[in-house]
Amino acid sequence: MDIDLIFKIAGTGIIVAVLSIVLKKAERDEQAMMTVLAGLIVVLMLVIDQIRELFDTVKAVFGL
């Protein structure tokens, strides 16, 4: 796993957390929830290749 991927995930998490806090303080709870969901989708898009590679490795190990 590349260290850049970890930094991208951490950066996305920090940005989403700050935006969520600011929006909740401004009583924009719905937008805060949408921001969190958008951040989750971005992170999932970042790690989807790693998940695919993991499943390929598991298939190769067990001969499936």
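Our numbering puts the first residue of the sequence shown at 43, with every later residue one more than the last.
For glycine and all other residues, C-beta sits at the position ideal for the given N, C-alpha and C.
Fill in: Pair within 7 Å by beta-carbon distance, Val64 and Gly81
Within the sequence shown, residue 64 is the residue found at index 22, counting from 1. Within the sequence shown, residue 81 is the residue found at index 39, counting from 1. Cβ distance not < 7 Å, so Val64 and Gly81 don't count as in contact.
Worksheet item: Is there contact here, the region 78–93 with the region 45–60, by at least three beta-carbon pairs under 8 Å?
Response: yes
Practice prompt. Whole angstroms is fine: what's the gap from Asp44's alpha carbon to Val89's?
Written response: What you label residue 44 is simply residue 2 of the sequence shown in a count that begins at 1. What you label residue 89 is simply residue 47 of the sequence shown in a count that begins at 1. Answer to the nearest angstrom: the Cα atoms are 11 Å apart.
Worksheet item: Whose C-beta lies closer than 7 Å to the C-beta of Lys66 among residues of the same chain, with five residues either side of it excluded?
Response: Taking the first residue of the sequence shown as 1, we reach residue 66 at position 24. The residues are Ala74.
Worksheet item: Using DSSP with H/G/I as helix, E/B as strand and the rest coil, what is Leu79?
Response: On the sequence shown, residue 79 is found 37 positions in, with the first residue counted as 1. Three-state DSSP puts Leu79 in a helix.
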